[in-house]
Amino acid sequence: MNKIMYLEFERCIGCRACQAACRECGDHDAKERNYVEYIDFTESRQTFPMMCMQCKDPACARVCPANAIQITEEGVVLSAMDEKCIGCRNCTFACPFGIPKFDFEENKMYKCDMCYDRSKYDIAPMCASVCPSEAIRFIDFDEMQSLRRRRTQMNLIEGKKPSEHDKWKYVPEFFGVYSD
């Protein structure tokens, strides 16, 4: 896998095409594994896409007593394996982003796995392949670095200071995130 996910939250237009595409991906059982959230519904209609951030040291995998959440060689954190998941929901409580969801009917956890059946061959995950505003992109690392540099330069020109959000330190280098 040579490409990475890149998110620019402020580009999200709230169309939810990413969610619809996610339901259609491979073995997702017609369940979306990404979400579109409101930044602050009482203040703005601005939305942002949320999917698994593929953490460097994923809390969901660390707290799983059954070792049901596997991490690929590329660092992609997969959904809980059906045959191992015991339904304890530790992963849903541990995730700083609130991504893993629990299906009470199936008694198992599911979450975004970057459409690993596609992304391992450098084919864009379904969400990135349909996003009309390019809030979600599947791009080369060099392109992501270039976009980050451009954004940093624009922030300096506009007088914006970087902000500290503890949860973003968990996001690995191969998953580019930009947020104002």
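Going by UniProt numbering, the sequence shown runs without a break in its numbering and finishes at 180.
Built from N, CA and C at the ideal position, the CB exists for glycine as well.
All values derive from a computational prediction rather than experimental measurement.
**Q.** C-alpha gap between residue 8 and residue 47, whole angstroms
**A.** Rounded to whole angstroms, the gap between the alpha carbons of residue 8 and residue 47 is 11 angstroms.
Q: Please specify which runs of the alpha helix (DSSP H), each continuous and at least 4 residues long, are wholly inside the UniProt domain "4Fe-4S ferredoxin-type" (74-105), giving them in chain order.
A: Counting whole runs of 4 or more residues, the UniProt domain "4Fe-4S ferredoxin-type" (74-105) contains the alpha helix (DSSP H) stretches 90-94.
Q | Same chain, Cβ closer than 6 angstroms to residue 124, neighbours up to 5 away in sequence not counted | A | Excluding sequence neighbours, residue 124 sits near 138.
Q) Which of helix, strand or coil does DSSP assign to residue 19? A) In the structure shown, residue 19 adopts helical secondary structure according to DSSP, grouped into three states.
**Q.** Same chain, Cβ closer than 8 angstroms to residue 107, five either side skipped, listed in chain order
**A.** Excluding the 5 residues flanking it on each side, residue 107 has same chain C-beta neighbours closer than 8 angstroms at 85 and 87, in chain order.
**Q.** Close Cβ partners of residue 97 (< 8 angstroms) along its chain, the five nearest in sequence each way excluded
**A.** If we look at residue 97 and ignore the five residues flanking it on each side, its Cβ neighbours are 50, 52, 53 and 167.
Q. Residues bridged to residue 3 by DSSP?
A. 140.
**Q.** Three-state secondary structure (DSSP) of residue 63
**A.** If DSSP states are grouped into helix, strand and coil, residue 63 belongs with coil.
Q | residue 21 and residue 127 closer than 9 angstroms at C-beta | A | In this structure, residue 127 lies closer than 9 angstroms to residue 21 by Cβ.
Q) Hey, out of 103, 135 and 11, whose CA is closest to residue 28's CA? A) When only C-alpha atoms are compared, the closest one is 103.
Q) Short check: CB of residue 11 to CB of residue 133, under 9 angstroms? A) Less than 9 angstroms divides the Cβ of residue 11 from the Cβ of residue 133.
Q.
Closest to residue 130 by C-alpha separation, out of 2, 144, 16 and 37, would be which residue?
A. The shortest Cα separation from residue 130 among 2, 144, 16 and 37 belongs to 16.
Q. Excluding sequence positions up to five away, which residues of its chain have a Cβ less than 6 angstroms from the Cβ of residue 35?
A. Excluding the 5 residues flanking it on each side, residue 35 has same chain C-beta neighbours closer than 6 angstroms at 50, in chain order.
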